[in-house]
Amino acid sequence: MSELFKHLAMSGDVWVLYFLAAASVLSVAVMVERYLTFSRAGGDVPALMDGLARLLEKHDVPGAIQLAAASQRVEAKVALEGLQSIERGPAAVEEVMSSRWLREKMSLDKNLIVLATLGNNAPFVGLFGTVLGIIKAFNDLALTGQSGVTVVMAGISSALIATAFGILVAIPAVVANNYFAARLKRTQIATESLSHILMAYLKEDKKGGGGHAKR
-14 MSELFKHLAM SGDVWVLYFL AAASVLSVAV MVERYLTFSR AGGDVPALMD GLARLLEKHD
46 VPGAIQLAAA SQRVEAKVAL EGLQSIERGP AAVEEVMSSR WLREKMSLDK NLIVLATLGN
106 NAPFVGLFGT VLGIIKAFND LALTGQSGVT VVMAGISSAL IATAFGILVA IPAVVANNYF
166 AARLKRTQIA TESLSHILMA YLKEDKKGGG GHAKR
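Quick note on our numbering: the sequence shown kicks off at -14 and runs consecutively.
(1) Helix or strand or just coil, what does DSSP make of ALA263?
(2) Would you tell me roughly how many angstroms separate the C-alpha atoms of PHE113 and MET16, rounded to the nearest one?
(3) What is the residue span of the alpha helix (DSSP H) that PRO35 lies within?
(4) When DSSP labels each residue in this structure, what does ASN96 get in the three-state scheme?
(5) Under 8 Å: do the segment 104 to 111 and the segment 119 to 129 share three or more Cβ pairs, one atom per stretch?
(6) Using a beta-carbon distance below 7 Å, is MET82 in contact with chain D?
(7) Is GLY74 helix, strand or coil by DSSP?
(8) Can you give the Cα-Cα distance for VAL(-1) and ALA166, rounded to whole angstroms?
(9) Since GLN51 is in the alpha helix (DSSP H), which residue starts that stretch and which ends it?
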């Protein structure tokens, strides 16, 4: 085992740099893919919420369904699921909306774990490469028989590149992960708001005799 680690250490930090380069490509790919996913689900949420609220106030469920179906936003898809189940009662509507949101959340949350993992661990991978580089620097110094600070510092300077590279990979990954997590949170809040609007309509409609919609 010690011989294996020694061989690994003598290889220096080169393979770590290749690994971090591959990790940076993966990180950028995930960022682009997630950005496109969130962009496709984008739209004017306040306008959607106001439109649905106005239509439901008029008991125009078909109009509300048409409005929700015309939007690609996650919030609209969840609301549409509830509107299409409106005849089954408030409890069923709440359940189907909750189920649809969980499915949409899984889609939006996809691959964010990759960014979180790279953001948390890339600096440590870089530091590991630096340690290997320093070990190799001292070993090379011993083998060459040279002396002086210059030889050692040259090896250490080269080894520190791995740490810098690791941090360079981590920072964009952390920023992107926080950005997408914030967008996911805003989407969840908007979805819950739409759910409350629909549930309030159902409760009011139930008190008024249950005439759900213009048909």
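Heads up, the beta-carbon is just placed ideally off N, CA and C, and yes, glycines get one too.
Concretely, from the data shown:
(1) With the chain covering -14 to 200 only, the question about residue 263 has no answer from this structure.
(2) If you number the sequence shown from 1, residue 113 lands on position 128. If you number the sequence shown from 1, residue 16 lands on position 31. Rounded to whole angstroms, PHE113 to MET16 spans 25 Å at the Cα level.
(3) Along the sequence shown, read from residue 1 onward, the residue named residue 35 stands at position 50. For the sequence presented, residue 35 should be read as Asp rather than Pro. Looking at the DSSP string, the run of the alpha helix (DSSP H) that includes ASP35 is 30 to 42.
(4) Counting from one through the sequence shown, the residue named residue 96 turns up at place 111. It is coil, neither helix nor strand.
(5) no
(6) The chain inventory of the structure shown lacks chain D, comprising one protein chain alone.
(7) Position 89 of the sequence shown, counting from 1, holds the residue named residue 74. Coil.
(8) Here residue -1 refers to the residue found at position 14 when the sequence shown is read from its first residue. Here residue 166 refers to the residue found at position 181 when the sequence shown is read from its first residue. Taking the straight line from one Cα to the other gives about 34 Å.
(9) By 1-based counting over the sequence shown, the position of residue 51 is 66. Counted as a single uninterrupted DSSP element, the alpha helix (DSSP H) harbouring GLN51 occupies residues 46 to 54.
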